[in-house]
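A.B. asks: In full-length UniProt numbering, the protein residues as written are 1 to 249.
By construction, the Cβ of each residue, glycine as well, lies at the ideal position given by its N, Cα and C atoms.
In this text, all values refer to a predicted model and were calculated from it rather than measured experimentally.
Before we start, here is the structure in question, set down as structure tokens.
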């Protein structure tokens, strides 16, 4: 399945440059446990040989991973893989590396917990502050989710745009930052699961999002919060059901 549309939407790093390839390779190796927390990474010379890159490229990649909280260089000791608690889980690449390495039900539950912590409140703010033009855009996205003529990826993109727009409608700059987490989470979930193909189920997804749009039209803060809570909980149950069906017994 092509992922270009979704990757472009979240600004995911293209693996066209040596720098991007090294960041991806080392980041994924850390997340997957090839390099475990507390490990000292191989020295520059060994990594340069393994990855077939220059010292400049390697050092720039190391700076990127340091900024994500995943490694910590120490003079005369080496570069240590930090504890997971130090990793920036709001970073879209870090989150998507987890999906690429394989995530547990526990990880998914944590992800939906954080969405429940932020998005319903953001929806309440958006119900008060949204412009009419924003609500019109939301309705268009919700209708795109129910368009069976669209590809799965295009419907997933509409879903992502719907939720991210609500964070922007809230008018809160911190909620906009949460939007980056929501983008990566929805893309990761889309990649690991199989979005609905049954026309009735596709219609139900659209209808549930349109109920939230109606709460915005009515400027009903409490209803907007409730509908968002239901959307996230429904998504949680669908993903857990998918993983249960596809986990070897």
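(1) May I ask you to verify whether the stretch 102–109 touches the stretch 120–132, counting CB pairs closer than 8 Å and requiring at least 3?
(2) Among the candidates 239, 171, 168, 116, whose CA atom is the shortest distance from the CA of residue 187?
(3) Mind the definition here: the stretch 17–27 touches the stretch 58–73 only if three or more C-beta pairs lie below 8 Å; say whether that holds.
(4) Give the straight-line distance between the Cα atoms of residue 138 and residue 243, rounded to the nearest whole angstrom.
(5) Residues in the same chain with beta-carbon distance under 7 Å from residue 176, minus the five sequence neighbours each way, listed in chain order, please.
(6) Mind checking residue 225: buried by the 16 CB within 10 Å criterion, or exposed?
(7) Taking only the alpha-carbon atoms, compute the straight-line gap between residue 185 and residue 118 and give it to the nearest angstrom.
(8) With H, G and I counted as helix, E and B as strand and the rest as coil, what does DSSP make of residue 236?
(9) By how many angstroms is the C-alpha of residue 234 removed from the C-alpha of residue 77?
(10) Taking only three categories from DSSP, how would you classify residue 77?
(11) Please classify residue 140 as buried or exposed, where buried requires at least 16 other C-beta atoms within 10 Å of its C-beta.
(12) How long is the line joining the alpha carbons of residue 101 and residue 28, rounded to whole angstroms?
(13) Label residue 113 either buried or exposed according to how many other C-beta atoms from any shown protein chain fall within 10 Å of its C-beta, with 16 as the threshold for buried.
(14) In the DSSP assignment, what are the bridge partners of residue 72?
(15) Since residue 258 and residue 211 are thought to touch, with beta carbons under 8 Å apart, how far apart are those beta carbons, to the nearest angstrom?
(16) Under a Cβ-count criterion, where at least 16 other Cβ atoms within 10 Å of its own Cβ denotes burial, should residue 170 be classed as buried or exposed?
(17) Please tell me whether residue 38 and residue 81 are closer than 8 Å, where the distance is taken between their beta carbons.
(18) Put residue 1 into one of helix, strand or coil per three-state DSSP.
(19) Pick out the complete beta strand (DSSP E) segments inside the stretch 52–139, 3 residues or longer, and give them in chain order.
C.D. replies: Put simply:
(1) no
(2) 239
(3) yes
(4) 29 Å
(5) 167, 168
(6) By the 10 Å Cβ count, residue 225 comes out buried.
(7) 14 Å
(8) helix
(9) 48 Å
(10) coil
(11) It counts as exposed.
(12) 7 Å
(13) exposed
(14) 80
(15) The structure shown has nothing for residue 258, since the chain only spans 1 to 249.
(16) buried
(17) yes
(18) Here residue 1 scores only 38 on pLDDT, less than 50, and its place in the model should not be relied on; the value that follows carries that caveat. Of the three classes helix, strand and coil, the one that applies to residue 1 here is coil, per DSSP.
(19) 71–74, 78–81
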